[in-house]
Structures are given as C-alpha cells and as structure tokens.
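Heads up: the sequence shown is residues 342 to 594, going by this note's numbering. For reference, the structure discussed in these notes is given below.
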Amino acid sequence: MEYTVKALADLAGVTTRTLRWYDQIGLLKPCRMQPNGYRIYGSAEVDRLQQILFYRALGVELAQIKCLLDDPAFDRLTALRGHLTALSAERDRILALIRTITRTLDAEERKEFMTDREKFEAFKQHAVSQNEAAHGAEVRARYGDAAMDSANARILSLTPEEYDAWKQLEEEILSRLTAAVRAGASPDSEEGAAIAALHRQWLNFSGQTYTAAAHRSLAQMYPEDARFRAYYDRDAAGCAQFLCSAVGHWISD
Numbered sequence: 342m343e344y345t346v347k348a349l350a351d352l353a354g355v356t357t358r359t360l361r362w363y364d365q366i367g368l369l370k371p372c373r374m375q376p377n378g379y380r381i382y383g384s385a386e387v388d389r390l391q392q393i394l395f396y397r398a399l400g401v402e403l404a405q406i407k408c409l410l411d412d413p414a415f416d417r418l419t420a421l422r423g424h425l426t427a428l429s430a431e432r433d434r435i436l437a438l439i440r441t442i443t444r445t446l447d448a449e450e451r452k453e454f455m456t457d458r459e460k461f462e463a464f465k466q467h468a469v470s471q472n473e474a475a476h477g478a479e480v481r482a483r484y485g486d487a488a489m490d491s492a493n494a495r496i497l498s499l500t501p502e503e504y505d506a507w508k509q510l511e512e513e514i515l516s517r518l519t520a521a522v523r524a525g526a527s528p529d530s531e532e533g534a535a536i537a538a539l540h541r542q543w544l545n546f547s548g549q550t551y552t553a554a555a556h557r558s559l560a561q562m563y564p565e566d567a568r569f570r571a572y573y574d575r576d577a578a579g580c581a582q583f584l585c586s587a588v589g590h591w592i593s594d
C-alpha cells in the first residue's frame with residue numbers, strides 16, 4: 342500500500358512537517374515523487390518510519406537513528422527485540438517508581454516509618470533492568486544464570502551511598518568517552534586507558550568479577566549491536582567504538 346505525506350502522517354500520528362523534515366535530512370525518503378511533486382511512501386518506508394518512532398520513543402537523536410538504520414548490518418528483527426527489551430525495562434522502571442511513590446505517600450499520610458532502602462528501591466530496580474538488558478544475555482551464556490542473578494542481587498543490596506557512587510561512575514565514563522571522541526583522542530592514549538579501567542571498575546561493581554577476556558568480548562559487542570551503539574553514542578557518534586578499542590588495547594590479565 343502507498344501513502345501520501347498527509348496519509349502517512351495521519352497513520353503514524355506525526356505531522357506532515359515532521360515527514361518533510363525527515364526527507365530533507367535523509368532520514369526517511371519517499372519511494373517516489375509524483376509529477377505534481379507529491380511524495381509517495383511504500384511499505385518499506387512505513388517500516389522505516391516505525392523504527393524511527395521506536396528509537397525516538399527511547400530518546401535516541403535523529404542523527405544517531407539515521408546512522409543505525411543506514412548501517413548495512415542493521416537487522417529489523419534484532420532491532421525490534423532490542424526495542425521490546427528496552428521498553429519492557431522502561432515499563433518496569435515506571436511501575437517500580439509508582440510503587441515507591443505510593444509507599445512514600447502512605448508513609449507520609451499515616452506517619453509510618455520508611456527505611457532508606459525502601460526509598461531507593463525503585464531506582465535500584467531500574468538499574469537491575471538496565472543491567473539485565475545490557476549484559477544479561479552475555480553473562481548468562483558465559484557464566485550461567487546464577488552469576489547474573491547474583492549480580493542483580495548485588496545491585497539491589499547496594500546502600501544509597503554505594504548506588505550513588507555506581508551511577509556517578511557510569512556518568513563519568515559516558516562523559517569522558519564523549520569528551521575523548523570529540524577531542525579526537527586515540528583509544529590507545531592515556532585517556533583511553535583510564536576510560537577502560539573505569540569501565541572495568543563499573544562492571545565489577547555488581548559483584549561479578551570479569552576476566553580480561555570476558556571484558557574484551559563484551560566490549561566487542563558495543564559497536565556491533567544497535568542498542569549498545571545508541572546508548573554509548575547518544576552524545577557523540579563513535580563512543581562505542583572508542584570504548585571497544587580502548588578495552589581491547591588496555592585490558593589484559
């Protein structure tokens with residue numbers, strides 16, 4: 342089935358201006374143009390627009406979406422599974438937040454005591470969901486379910502201070518990655534070594550000790566997997582590859 346700009350906009354719940362902008366930046370081109378200048382979109386364009394909107398819902402920038410979809414290695418089914426995992430994690434995060442807010446309201450209204458651990462439970466549950474989505478398949482395949490379950494339990498057992506330190510470490514890694522890529526630094530530089538070491542520290546924070554080989558193997562997935570690339574490249578394209586190369590160069594037994 343084919344659609345005009347107006348028909349596709351109505352179908353997808355976006356504006357015609359959005360579709361024209363996507364065409365202008367090369368993100369979503371029509372399959373053909375009519376003699377009167379009208380854009381016509383086919384089934385391939387409908388599928389691509391669906392992917393675009395999935396990524397937008399996950400907060401991925403347009404330039405990064407274009408890189409992901411134009412990648413010859415892009416696989417629609419793999420991407421859909423990644424979207425499902427990410428959205429399921431987001432659903433779990435929201436439900437956990439709702440439970441925590443409800444519990445906090447009840448405690449305030451009834452003058453009940455609420456432990457510090459309860460106050461932060463939703464945030465840690467979200468971290469577990471993210472950790473599972475990012476590393477679960479790899480860890481379970483290499484070390485078994487018990488290892489991953491233990492890592493998740495470790496996250497849930499973190500004190501508020503430990504949890505805050507873990508999240509700050511994660512943000513430091515992302516910030517330094519972005520700065521290094523934008524500055525044109527080399528993965529085999531001292532900054533590359535520092536980032537690789539911080540990343541290993543961050544991984545081991547969960548209580549699961551990664552060997553150098555396991556760390557390198559995991560890092561190799563980052564530039565290859567669309568989900569990982571979107572996460573690490575969210576502020577600057579090339580961060581996933583930089584991290585992969587830095588870990589490969591610097592991390593050894």
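Glycine is no exception: its CB is placed at the ideal position from the N, C-alpha and C atoms. As the structure is a prediction and not an experimental result, all values here were calculated from the model.
Which residues in the same chain have their Cβ closer than 8 Å to the Cβ of residue i, if we skip the five residues on either side of it in sequence?
i    : result
Q471 : A430
Y563 : F569, R570, Y573, A581, Q582, L584 and C585
R557 : V588, G589 and I592
M374 : R380 and I381
F415 : L409 and A567
W543 : W507, L510, E511 and I514
C372 : E343, I381, Y382, G383, A385 and E386
Q499 : For clarity, residue 499 is Leu in the given sequence; the question names Gln instead. Correct list, in chain order: K465 and W507.
A468 : I496, Y504, W507 and K508
R417 : D388 and Q392
R434 : A463, Q466, H467 and S470
Among the residues of its own chain, which have a CB less than 6 Å from the CB of residue i, if the five just before and after it don't count?
i    : result
D594 : A553
W591 : A534 and A537
L399 : A427
V401 : A571
L436 : none
Is it buried or exposed, residue i, if we count other Cβ atoms within 10 angstroms and call 16 or more buried?
i    : result
R361 : exposed
G533 : buried
A560 : buried
A385 : exposed
R451 : exposed
M342 : exposed
I496 : buried
A487 : exposed
G579 : buried
A524 : exposed
G354 : exposed
L518 : buried
L446 : exposed
E449 : exposed
I406 : buried
E301 : The question about residue 301 has no answer, for the chain in this structure spans 342 to 594.
L369 : buried
Could you work out which residue in the options is closest to residue i when comparing CA atoms only?
i    : options                   : result
N377 : R397, T345 and V355       : T345
T426 : F464, S558, R389 and Y396 : Y396
N493 : Q466, V522 and G400       : Q466
G367 : L403, D351, L394 and I442 : L403
T419 : D433, E565, Y504 and A487 : E565
A598 : P501, V522, L369 and A526 : In the structure as shown, the chain begins at 342 and stops at 594. Residue 598 is therefore absent and cannot be evaluated.
H424 : I393, L438 and Y504       : I393
N545 : M489, S530, S516 and A520 : M489
A520 : L421, R575 and Y551       : R575
Tell me which same chain residues have a C-beta within less than 7 Å of the C-beta of residue i, skipping the five on either side of it?
i    : result
T357 : V346, K347 and A350
P528 : F583, S586, A587 and H590
L539 : L510, E513 and I514
A526 : E532 and G533
> Taking only runs of the beta strand (DSSP E) that begin and end inside the stretch 342-415, which ones reach a length of at least 3 residues, in chain order?
Replying inline: 380-382
> Are at least three pairs of beta-carbons, each pair with one atom in the stretch 408-421 and one in the stretch 385-394, less than 8 Å apart?
Replying inline: yes
> Along the chain, which unbroken stretches of the beta strand (DSSP E) at least 3 residues long are found entirely within the stretch 496-565?
Replying inline: none
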